[in-house]
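The block underneath contains the structure these notes are about, expressed in structure tokens.
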Amino acid sequence: MKNWTAEQMRAITSRGNALLVSAAAGAGKTSVLVERVLSRVLTDTPPVDIDRLLVVTFTEAAAGEMKERLGTELLKRLNEDPGNSRILEQLELLPVADISTLHSFCHKIIRKYGRVCGYETKFAILEGPRETYLKNKVLEEILEERYEKGDRELFALLEYLNDEKNDRNLKELILNLYHFSRSNPEPEKWLLDSLNLFNGNWERFEDTFWYREIKSSTEMWLEYILELLGRAKSVAEKYGQARAFSLLAEDMEKVRGLYAKLNEGYEAAKQYLSQVKFGTFSWGRGVGGKDEAKDLRDKAKEQFETIKKRYFSWEAGNFREELRTLTSYLDPLVKLVREFSRKYQEEKRKHGFADFSDLEHWALDILKSGVYRELREKYVEILVDEYQDINGLQEEILTYVSRDGQNLFMVGDVKQSIYRFRWARPEIFLKKYEDFTDEKKIELSLNFRSREEIIATVNFIFKQIMKKRVAELSYDEKAFLKKGADYLPNANCFAELHLIEGKPEEDINSNGEPEEDLTAVHREARLVAAKILKLKEEGFKVFDRETKEFRPLQYRDIVILSRSLSNSSNIWQEELTRAGIPVYVEGAGSFLNSKEILLMTSFLKVIDNPCQDVPLAAVLCSPVAGLTYEELWQVRKEYPEGLLYDALKNKSLGKDELSVKSQKFLELLVEFQKLSRQISLAELVNEIYRKTNLPEIFGAYPGGEVRQANLKLLHDLAVDFAEINGGGIYNFLTFLSQAAESEDFSPAKLIGEADDVVRVMSVHKSKGLEFPVVFVVGLGKRFKFDYSNTVFLHSDLGFGPKFFDPEKRIRRHSIASQILSERMRRETLAEEMRILYVALTRAREKLILVGTVKNLAKKMAGWQSQTEALKDTLSDGQIARAGNFLDWIGPVVFREGSDLPDCLKVEVHPQQEKIEGEQWELPEVLRVKLLTKTPFTEETDYTGQFRAGLEFNYPGLKIAKLPAKMSVSDLKEVFSTDDVISLEDEDEVFLPGVYFEDGAMLGIVYHEFLRRIDFQGDLSASGLKAQGETLVAEGVLPPESREMLDFTKIARIFATPLGQRILRAREIYPEFPFTLGVKAGEIYPEATGFSEKILVRGVIDLLALEEDGFFIVDWKTDRVTGDILNERLKEYAGQLNLYARAVEEITGKKVKEKYLYFINLEKEVRV
């Protein structure tokens, strides 16, 4: 008999009411669930037959494991008591017991009761790639029909979404809105209710949920502000600064005053904010503590200003009109979603399909028809696993099946709820946890998985960052993991944190989001490879739970977890393989980017249309055609103009060996083109495999079994495609790319638990798993907060559309979009924190954390001097402003006074220069001999050619993906200067909550005004303000610019020596545009030796001509100073270097001086 803890026993034996079990990571919840079922069917008085219990699991695998464990335990007890007929009866009933996912249970309801309610009972489940493709197909048809009709509402919607060039944003929005609605019990009602919120049918704005959100968010930040001021006041008291103490007390009273005004209403709060002024800070000369107190107060003041800007910059009287205006876009959007929903249902019925959402909605409709009464009578208890991940629709189903929730046994851990992107609603679990009395909830906090060192590390981190106000729940004593597993001591099982210094700046993609630093991924992969080899070489041992003894570490004991592998799966595969480490990478990216699939997709493209040079070149230099790179060059040399296909046909007319090769390939191509019109796509893929022997060829390559499985999967996808579309190579390739983007897509997998390979997977894939050694990587990668959305969506708050003025082409936050984006950011942060918790709690014996940080030394210094941190935790504001995992872990580990546990070791790896080849020179501790695998045991001429074909890399591929055009801001780092440029004696200032879009808008307004300024006119503050009013009246500037422009500061520009020089200049060129050709090799080292140029376009803010040459002025509206700005100065200098080069090349005149002018700081810097 197992020794159950008191809390586990209570979870097993409690009866009579609903029960919520909060089971921490590794707490043995599955064992508890199994034992509760056994006690129900064997020892209860009277006992319950197992087919009168409903057990709901999150996955089919979990349901299978549950049945298997129940069967094993029943057999074990039958062997101990052979004459027990009760056990035998339950064994016989087990195969028909309702132990399944909720989807399977819904399917069962439909099969049994569907016909009575008018639903089909025989259908195929539509999921994964086929579902994704069919949705896109239906949506394409709907939009195409509207385009043909010239639908004005559609075109207006496209303009609103800034989607005129393509309709990608619109399609994504329609599908997202469809999924949001379908996660609710009544989709149509949710859509219409969300739309009706914009009708402005309220008596007082203060009665709306929008104001309630404003009030709630403001109060949260006010508490944070008071926290900062209170600590500043304590510093003043400590150092005997009575004047500062009194001033800070006054500050706190001013902040508290806003609480009362919030209760009075929006306008009262807004007016109060406009009147609040903070006094001048003073401190005794030479007395310590000034910097700390001032830093705290500055942060409090800036957050107070952020509240004013973020929530109280609108006119309350305009809310109703503005929101109603937005319905002109929302109404046609909702119509499109409803039309899509209807036609998608029709298309599924036509093909005999139903998706998982249909199963839930149909089952709920059937239950509501009265069937629920029969099921409530049948099921004595409903046991739900992973309850933290259900959504509103699923909760409704469970409520109907149960006896109004009174016979529900719910198990989960809200700290591990990481599926909000799949419409999970962790707040359902949280509300029950808060509402239930102690008799109805149980905490399972003993962890039977991990060593004490890992438990201590997890508790140390999360007790400081997981707080209710910012993370939706508190990591308090009840949530703490407690040691439950018995391990023999192992001095090498301490946790590790490795910090690698990355490149100074990150790249930004076309959506304004940070690009993943692939260089950082390479370095992290090499560090991890070095660490794995070191663990193996040093004889690291893991504890075998079965034998209770230590055994040598095996590769299968190791997992590498990343938040996402979307852009890096192949890097991990290559780097670990290069180090001689057997590895398996989970993820769709590794499928589509594998050599065998790239070759097959290229070949299919060529069969469909041979006039495509890149795919054709890829096929020609592969085993299919067998050309070498030199031969491909020869083909092109003899026919340099036109298409590569024409060049190949030209070459095939000759008699030499290369001509014969070309002719044979063209004959093979023609054969496949004929077949493509005669047989199905799946049969065509089979014929390609048969005639080219590609499965056999790739089977002989390293990782051959997986490569062959990938080729088989490609064939299977072709079969799936045929079921929803008649054929067509182009459509199939579209289907293939959509399949890989599907959340449910599963690439070929040929490994089991016994295979001795290191596994690389996303944190989401690791949920429910555990490994002796866990690496958590990519901790410095930025979270994805997409503020570029035009319409935000939220399950509770509905729509959050931005405001758009089509005449002035101005797009800005509305009150709705501001509130929803704020709420979504908080929820995203909470989810990211739970993802980190899941990652760290997968480890049994060794936990190694790895992250890359730009400007590492500076960042560490900032972490160490955290004036904002509280004694035992980080402050709420600090937690809420995190941009990646290291923004939490860094301050927790490094801040002054941090009680770093002995079980957590930290190692830092500084940035090094790039050396020859593709390797990065790492610190000595990271250097490792890279081992290579030889896939063939003997070398022959054929083998060499064979391998050369497979491993061919087109040299020009290095620059094939480089942009043809770039902006100057893209190149600021390339042309930056190493000279020391700085602003002296400035305090470092942070503006929490000031989003990119707001900063960008401010810069745009200033630059537009300065571009149109009349330099011969009145340049006083009042004169400039009059010019601004004229520009607003003309529609050049938005009305908001009146608040954004500081005319006094602009006027002061022209009182400076620099300003006077501008006014005296012979010629002034505001906003001077230029285009400059720069050799690609100057920008990208890998392009050195190529003659291609990249067009660099830019606009110089102000170019002024004097007698002896030009000088340049670049206006800046930066909101940070001190060290942060000093770093940026080097980048800005790079921009000005390029400006000067462009002017000199274009005009032939010298640029003698370059200036940066910081408007907010009222400072000029000569570069």
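Residue 1171, in the working numbering, is where the sequence shown stops; the numbers in between run on with no holes.
Glycine included, each C-beta is placed from N, C-alpha and C at the ideal position.
Quick caveat, the model's predicted, so the values are computed rather than measured.
Inset, instruction - Within its chain, find whatever has a CB closer than 7 Å to the CB of TRP225; leave out the 5 residues flanking it on each side and keep chain order. - result: GLN307, ILE311
Legend entry - Simplified DSSP assignment, three categories, for TYR228: helix
Legend entry - Rounded C-alpha distance that separates LEU647 from VAL462: 60 Å
Inset, instruction - May I have a chain-ordered list of the alpha helix (DSSP H) segments no shorter than 4 residues that lie completely inside the segment 227-283? - result: 246-268, 270-279
Legend entry - Endpoints, the beta strand (DSSP E) within which THR832 is located: It is not in any beta strand (DSSP E) - THR832 instead sits in the alpha helix (DSSP H) that spans 819-844.
Inset, instruction - Taking ASP760 as the reference, give the member of VAL563, TYR348, ALA28 with the closest Cα. - result: VAL563
Inset, instruction - Pick out whichever of ASN571, LEU252, TYR243, SER1024 has its Cα sitting closest to the Cα of GLY290. - result: TYR243
Legend entry - Residues that HIS798 bridges to, as DSSP identifies them: GLY802
Legend entry - Coarse secondary structure for MET414, derived from DSSP in three states: strand
Inset, instruction - Excluding the 5 residues preceding and the 5 following LEU82 in the sequence, name in chain order all residues of the same chain whose CB lies nearer than 6 Å to its CB. - result: ILE91
Inset, instruction - Identify, in the order they occur along the chain, each residue of the same chain with its Cβ nearer than 6 Å to the Cβ of ARG150, setting aside the five sequence neighbours on each side. - result: LEU158
Inset, instruction - Report the rounded CA-to-CA distance for THR1121 versus VAL1169, giving the unit in angstroms. - result: 14 Å
Inset, instruction - Leaving out five residues on either side along the sequence, give the residues of the same chain with a beta carbon under 7 Å from the beta carbon of TYR215. - result: PHE209, TYR270
Inset, instruction - Report the option in GLY1152, LEU1160, ALA1084 whose CA atom is closest to the CA atom of ILE1116. - result: LEU1160
Legend entry - Rounded distance between the beta-carbons of GLU727 and ASP359, thought under 8 Å: The pair is not a contact, with the Cβ atoms about 14 Å apart (cut-off 8 Å).
Inset, instruction - With a threshold of 16 other CB atoms inside 10 Å of the CB of HIS355, please say whether the residue is buried or exposed. - result: exposed
Inset, instruction - Just the C-alpha distance for LEU670 and ILE1087, rounded to the nearest angstrom, thanks. - result: 40 Å
Inset, instruction - Within 10 angstroms of the Cβ of TRP637, are there 16 or more other Cβ atoms? Answer buried if so, exposed if not. - result: exposed
Inset, instruction - Find the nearest neighbour of LEU262 within the set GLU223, GLY234, GLU296, SER238, judged by alpha-carbon distance. - result: GLU223
Legend entry - DSSP-derived helix/strand/coil call for LEU596: helix
Inset, instruction - Kindly indicate which residue of ILE893, ALA534, GLU900 has the alpha-carbon position closest to the one of LEU908. - result: ILE893
Legend entry - Reference ILE575; option with closest CA among THR523, VAL780, VAL910, GLU72: THR523
Inset, instruction - Using only the heavy atoms of the ligand NAD, determine whether one of them is closer than 7 Å to the beta carbon of PRO699. - result: This structure simply doesn't include the ligand NAD, nor any ligand for that matter.
Legend entry - C-alpha distance - ARG40 paired with LEU412, whole-angstrom precision: 13 Å
Legend entry - Exposure of CYS110, with buried meaning 16 or more beta-carbon neighbours within 10 Å: buried
Legend entry - CA-to-CA distance, THR329 to LYS812, given in whole angstroms: 15 Å
Inset, instruction - Would you decide whether LYS1153 is buried or exposed? Buried here means 16 or more other CB atoms lie within 10 Å of its CB. - result: exposed
Legend entry - Contact check, ARG681 vs VAL778, beta carbons under 8 Å: no
Inset, instruction - Count the other CB atoms, across all protein chains shown, that sit within 10 Å of the CB of ASN613; report buried if there are 16 or more and exposed otherwise. - result: exposed
Inset, instruction - Report yes if the CB atom of GLU399 is closer than 8 Å to the CB atom of LEU368, and no otherwise. - result: no
Inset, instruction - May I have the straight-line CA-CA distance separating GLY703 from GLY122, to the nearest angstrom? - result: 51 Å
Inset, instruction - Please confirm whether ILE852 and GLU500 have their CB atoms less than 8 Å apart. - result: yes
Inset, instruction - Spell out the partners DSSP gives LYS486 in its beta bridges. - result: LEU450
Legend entry - Any alpha helix (DSSP H) of 4 or more consecutive residues that is wholly inside the segment 288-366: 294-315, 323-355
Inset, instruction - Check whether the Cβ of VAL1040 lies closer than 8 Å to any Cβ atom in chain B. - result: In summary, chain B is missing from the structure at hand, where a single protein chain is found.
Inset, instruction - Assuming SER573 contacts GLY782 (C-beta within less than 8 Å), just tell me the rounded distance between them. - result: About 12 Å; that fails the 8 Å criterion.
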